[in-house]
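Numbering (the numbering used here), first residue to last: 28 to 254. Every residue gets a Cβ at the ideal spot worked out from N, C-alpha and C, and that includes glycine. Bear in mind that the values here come from a model prediction, so they are computed numbers and not experimental data.
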Amino acid sequence: MINGGYTLMALHIIDAVHGMVKLDELQSQLLDTPEVQRLKEIRQLGLANLVFPGAHHTRLEHSLGTSHVSSMIGNELNLSNDEKKLVTSAGMLHDLGHIPYSHTFESVLFSRLGFDHMDLTESLIKGDGELVLEPAVPEILIKHGVEPNEVSDLIKGMKQTPSQATLNSPKDGGQSHFCKNRLLHQIVHSTLDADQLDFLLRDSYFTGVAHGVIDLQRIIRSMRVLN
28 MINGGYTLMA LHIIDAVHGM VKLDELQSQL LDTPEVQRLK EIRQLGLANL VFPGAHHTRL
88 EHSLGTSHVS SMIGNELNLS NDEKKLVTSA GMLHDLGHIP YSHTFESVLF SRLGFDHMDL
148 TESLIKGDGE LVLEPAVPEI LIKHGVEPNE VSDLIKGMKQ TPSQATLNSP KDGGQSHFCK
208 NRLLHQIVHS TLDADQLDFL LRDSYFTGVA HGVIDLQRII RSMRVLN
């Protein structure tokens, strides 16, 4: 129960980049939290709109897009429902700690206060500290059987192990014997992840610069799990 006592179920939204996007109950309720809604006031590209007048898109739009792309990748790799909840939640929440003007003032934030947007993101997801008096995000995650610490770990990264799964082009279509946590982390944070796939398309669309135009469907359909 959120926002005055009603429960948000699955809903559909129209995204400028991805078209019709379906959000499940967990994604819908995360979207409705104050922590995530704050991102609609923060531009994705900071001050870039001074050069590219169309670049007024926000961190909220990008977070929705990243969650959607995470779901697409999860479906392609046949992740379990619990695993898809983890990666779509991480996609929705990965930019939670960004401040106005985003990376432009990040060095100032770190030099003055000793933490960066990743530290803020972790704190908001876990409900730690004094940033939010009544944290809604961890409560919703737990209600849906998702551990806030695991979501935070996917976003911040984990210690590497000798056997690491890698998302890559298929050689034998291998879908077996991989490090599950490493795989889930790479969907959200790696060389070619849901975050970058969304912002390449989104930033290109709103700036009018075509360098980031990619074939998203083809890239995702080429993904396999390799040992």
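Cut-off 8 Å between Cβ atoms - residues of its own chain near residue i, not counting five sequence neighbours on either side
i, result
"Met119", "Gln54, Leu57, Leu58, Val63, Ser90, Leu91, Thr93 and Ser94"
"Ala82", "Arg70, Gln71, Leu72, Ala75, Asn76, Asp230, Phe233 and Thr234"
"Asp42", "Val48, Glu88, Leu91, Gly92 and His95"
"Ile246", "Leu219 and Leu224"
Short Cβ contact (8 Å threshold) for residue i with residue j
i, j, result
"Gly124", "Asp155", "no"
"Ile100", "Met250", "yes"
"Val240", "Ala117", "no"
"Leu219", "Val252", "no"
"Val44", "Leu224", "no"
Cα-Cα separation, residue i to residue j
i, j, result
"Ser167", "Val78", "A small fix is needed here, since residue 167 is Ile in this sequence, not Ser. C-alpha separation (whole angstroms): 39 Å."
"Ile182", "Val48", "22 Å"
"Pro61", "His238", "34 Å"
"Ser217", "Arg248", "17 Å"
"Phe226", "Leu243", "11 Å"
"Lys236", "His84", "The sequence as given places Val at residue 236; Lys does not occur at that position. For Val236 and His84, the distance between alpha carbons rounds to 14 Å."
"Asp109", "His212", "14 Å"
"Ile169", "Thr148", "17 Å"
Close-in-space but distant-in-sequence residues of the same chain around residue i (CB under 6 Å, 5 per side omitted)
i, result
"Arg86", "Leu66, Ile69, Gln71, Asp122 and His125"
"Ile40", "Val48"
"Leu38", "Leu50 and Ser55"
Cβ-based neighbour list, residue i, same chain, cut-off 7 Å, excluding 5 preceding and 5 following
i, result
"Ile152", "Leu120, Leu123, Val164, Pro165, Pro175, Val178 and Ser179"
"Ser98", "Lys111 and Thr115"
"Thr221", "Here the sequence assigns Ala to residue 221, which means Thr is not the residue at that position. Excluding sequence neighbours, Ala221 sits near Thr93, Val96, Ser97, Ile100, Gly118, Ile214 and Val215."
"His144", "Gly124, His125, Ile126 and Glu133"
"Tyr128", "Gly73 and Leu74"
"Pro80", "none"
"Gly46", "none"
Beta carbon proximity, residue i to chain C, threshold 8 Å
i, result
"Ser249", "Absent from the structure: chain C. Only one protein chain is present."
Would you check if there are 3 or more beta carbon pairs closer than 8 Å linking the region 105–122 to the region 156–175?
-> Counting Cβ pairs under 8 Å, three or more are found: they touch.
The region 148–167 contacting the region 98–106, beta-carbon criterion three pairs below 8 Å = no
Which whole runs of the beta strand (DSSP E) in the region 33–86 are 3 residues long or more, in chain order?
-> With a minimum length of 3 residues, the continuous beta strand (DSSP E) runs that stay inside the region 33–86 are 38–42 and 46–50.
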